[in-house]
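Structure first, then comments.
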Amino acid sequence: MAWDSTFVPAAGAAPLAAADVEEDTTELWLLRVPRDFSASQLHKAKLDVVLDADVGEEAASIEAGGASYRLVASAAEERQQLVNLLPVAGGEAESEGAAGALRLGKPFARSFT
Numbered sequence: 012m013a014w015d016s017t018f019v020p021a022a023g024a025a026p027l028a029a030a031d032v033e034e035d036t037t038e039l040w041l042l043r044v045p046r047d048f049s050a051s052q053l054h055k056a057k058l059d060v061v062l063d064a065d066v067g068e069e070a071a072s073i074e075a076g077g078a079s080y081r082l083v084a085s086a087a088e089e090r091q092q093l094v095n096l097l098p099v100a101g102g103e104a105e106s107e108g109a110a111g112a113l114r115l116g117k118p119f120a121r122s123f124t
């Protein structure tokens, strides 16, 4: 059975393209959330994150979808084991050879559970 690698964004979501994160000032953060968590709960949410939180310390909290969540800083070793794939956009996709093409993104700068 062949695997279809064409990227399809979630309904209503604007996909983040590889070109969107190329700037050195742009960081990718990995958020580990409960299985039943819907990203739509974060729509228009504002997070005040403590950037220098030590591993295991609360870096932020948020009320979403009638529940309260804490973001706890995770160890670098956890995120260094993961890679991300981002869709290439428009003309870049055509030069890569196919619409829906994916490219390796940059490493996650921070991670939270």
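Under our numbering, the first residue of the sequence shown is numbered 12, with each subsequent residue one higher. Built from N, CA and C at the ideal position, the CB exists for glycine as well. Being a predicted model, the structure only gives us computed values, none of them experimental.
Close-in-space but distant-in-sequence residues of the same chain around residue i (CB under 7 Å, 5 per side omitted)
{"i": "alanine 64", "result": "Ala70 and Ala84"}
{"i": "alanine 120", "result": "Glu38, Leu39 and Trp40"}
{"i": "leucine 27", "result": "Leu97"}
Straight-line gap, residue i to residue j (C-alpha atoms, nearest Å)
{"i": "leucine 113", "j": "leucine 93", "result": "16 Å"}
{"i": "glutamate 33", "j": "phenylalanine 123", "result": "22 Å"}
{"i": "isoleucine 73", "j": "alanine 100", "result": "32 Å"}
{"i": "alanine 29", "j": "aspartate 35", "result": "13 Å"}
{"i": "leucine 58", "j": "arginine 43", "result": "15 Å"}
{"i": "histidine 54", "j": "leucine 62", "result": "21 Å"}
{"i": "leucine 97", "j": "serine 79", "result": "30 Å"}
{"i": "proline 118", "j": "glutamine 91", "result": "7 Å"}
{"i": "proline 45", "j": "aspartate 31", "result": "27 Å"}
Own chain, CB closer than 6 Å to residue i, minus 5 neighbours either side, in chain order
{"i": "glutamate 89", "result": "Ser122"}
{"i": "glycine 76", "result": "Gln52"}
{"i": "alanine 86", "result": "Val66"}
{"i": "valine 60", "result": "Ala70 and Ala71"}
{"i": "asparagine 95", "result": "Gly116"}
Beta-carbon proximity list for residue i, same chain, < 8 Å, skipping 5 on both sides
{"i": "alanine 56", "result": "Ile73 and Ala75"}
{"i": "glutamate 68", "result": "Val61, Val83 and Ala84"}
Among the options, the one whose alpha carbon lies nearest that of residue i
{"i": "arginine 81", "options": "Phe48, Leu97, Asn95 and Leu96", "result": "Phe48"}
Beta-ladder partner(s) of residue i, from DSSP
{"i": "serine 79", "result": "Glu74"}
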